[in-house]
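Numbering (the working numbering), first residue to last: 50 to 327. We put the CB at the ideal spot given by N, CA and C, even for glycine. These notes are about the structure you will find just below.
Written out as structure tokens, the structure reads:
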């Protein structure tokens, strides 16, 4: 199944684009070439990507601005998901902030930067351990009820977190780290699969030593006339019908390589071998 219906948003192609890497080093500041970054976003849409994931903290703000510069006003079938709940104090520095006032402020600022009237999918980047959880979930529900956002997602959460948040607002997607070598969110993926919640794995192609020339991922790539990254993405797509990988890059060539995974069908033997890596 090549598409998935995100509740409250609409149907998207399951292999999307993560826009974190169109910013500067450490996900901080401007990219080396802003026009190249815009070209990557435009090319993603040209190649059929309908789900673009970003966050107010990427840059900060730079990624959202570039997306809007590249493709706003948006085609009806393009879904732009953004996040709030992490603030930046420098390159590779992330801090949780999800107070009511802050989430409301950031949602409205994202509307402005993305040049849109409503945010398709607004994700809580992290549950803030210093703010009452009910305050965070109630704020997300209010933003949805007020029409500021269409749907709500969560990031880096447990099954219990999803169930608790669902008491306040429908959870349309979950974004947790998940890949060939990191299956710590396997229970969350199973829950999402059972309940029709989109699962957006971040760091989807991280494979470590398994991508080495003698590793199983490299062998699978040779057998399928593909790259290790393509095999890793194809494995994710075959793992669950709710899987929505969002590989990120600032390179058109790398983007095109990643999206070619859409056409790759792994053999049952390869899937079994890769499953065993987790």
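Residue range of the unbroken alpha helix (DSSP H) whose run includes residue 116: Numbered from 1 along the chain shown, position 67 holds the residue referred to as residue 116. That run of the alpha helix (DSSP H) goes 111-120.
Straight-line gap, residue 128 to residue 101 (C-alpha atoms, nearest Å): Here the question's residue 128 lines up with position 79 in the chain shown. Here the question's residue 101 lines up with position 52 in the chain shown. So the two alpha carbons sit approximately 6 Å from each other.
Cβ neighbour criterion (16 or more within 10 Å) applied to residue 144: As a working note, residue 144 is residue 95 in the chain shown. Exposed, since its Cβ has fewer than 16 Cβ neighbours within 10 Å.
Limits of the alpha helix (DSSP H) - the one that residue 156 falls within: By one-based count along the chain shown, residue 156 stands at place 107. That run of the alpha helix (DSSP H) goes 149-163.
Presumed contact (8 Å Cβ cut-off) between residue 83 and residue 117, rounded CB distance: Residue 83 sits at position 34 when you count from the first residue of the chain shown. Residue 117 sits at position 68 when you count from the first residue of the chain shown. That pair is no contact at about 12 Å.
Residue from 92, 114, 239 and 57 whose Cα sits closest to the Cα of residue 79: Indexing the chain shown from 1 puts residue 79 at position 30. Measuring from the Cα of residue 79, the nearest candidate turns out to be 114.
Stretch pair the stretch 124-142 + the stretch 88-102: three plus CB contacts closer than 8 Å: yes
Buried versus exposed call for residue 174 [16 or more other C-beta atoms within 10 Å across all chains shown]: Residue 174 sits at position 125 when you count from the first residue of the chain shown. So residue 174 counts as buried.
Integer-rounded CB distance, given that residue 214 should sit under 8 Å from residue 220: Start at 1 with the first residue of the chain shown, and residue 220 comes out as number 171. Start at 1 with the first residue of the chain shown, and residue 214 comes out as number 165. So it is a contact: roughly 6 Å between Cβ atoms.
Coil, strand or helix - residue 246 by DSSP: For the purposes of this step, residue 246 is taken as residue 197 along the chain shown, with counting starting at 1. In the structure shown, residue 246 sits in coil (DSSP, three-state: anything other than H, G, I, E or B).
Cβ separation of residue 132 and residue 105, assumed to be a contact under 8 Å, to the nearest whole Å: Working through the chain shown from its first residue, we reach residue 132 at position 83. Working through the chain shown from its first residue, we reach residue 105 at position 56. Yes, residue 132 and residue 105 are in contact; Cβ-Cβ is about 7 Å, under 8 Å.
Burial state of residue 199 (16 or more Cβ within 10 Å): For this step, residue 199 is matched to residue 150 along the chain shown. Result: buried.
Assigned exposure category for residue 196 - 16 Cβ within 10 Å defines buried: Locating residue 196 in the chain shown gives position 147, counting from the first residue. Answer is exposed; the Cβ neighbour count stays below 16.
Cβ neighbours of residue 119 in the same chain (closer than 7 Å, five flanking residues each side left out): As a first step, residue 119 is located in the chain shown; it is residue number 70 there, counting from the start. The residues are 87, 90 and 91.
Reference residue 211; option with closest CA among 185, 146, 287 and 295: Taking the first residue of the chain shown as position 1, residue 211 is located at position 162. The candidate whose alpha carbon is nearest that of residue 211 is 185.
With 16 other Cβ atoms within 10 Å as the buried cut-off, status of residue 270: Counting from one through the chain shown, the residue named residue 270 turns up at place 221. Looking at its Cβ environment, which holds 16 or more other Cβ atoms inside 10 Å, residue 270 is buried.
For residue 226, the residue or residues it bridges with in DSSP: As a first step, residue 226 is located in the chain shown; it is residue number 177 there, counting from the start. Answer by DSSP bridge pairing, in chain order: 251.
Beta-bridge partners of residue 145, as assigned by DSSP: Locating residue 145 in the chain shown gives position 96, where the first residue counts as 1. The partner list for residue 145 (beta bridge, DSSP) reads 135.
Meets three-Cβ-pair contact criterion under 8 Å: the stretch 226-233 and the stretch 275-287: Taking 8 Å as the limit for Cβ pairs, the verdict is that the stretch 275-287 does touch the stretch 226-233.
Residue 279 versus residue 316: straight-line alpha-carbon distance, rounded: Counting from 1 along the chain shown, the entry for residue 279 is found at position 230. Counting from 1 along the chain shown, the entry for residue 316 is found at position 267. C-alpha separation (whole angstroms): 14 Å.
Nearest neighbour of residue 308, chosen from 150, 67, 234 and 171 [CA to CA]: Along the chain shown, read from residue 1 onward, the residue named residue 308 stands at position 259. For the residues 150, 67, 234 and 171, the minimum Cα distance to residue 308 belongs to 67.
Distance between residue 224 and residue 146 (C-alpha atoms, nearest Å): Locating residue 146 in the chain shown gives position 97, counting from the first residue. Locating residue 224 in the chain shown gives position 175, counting from the first residue. Roughly 18 Å between the two C-alpha positions.
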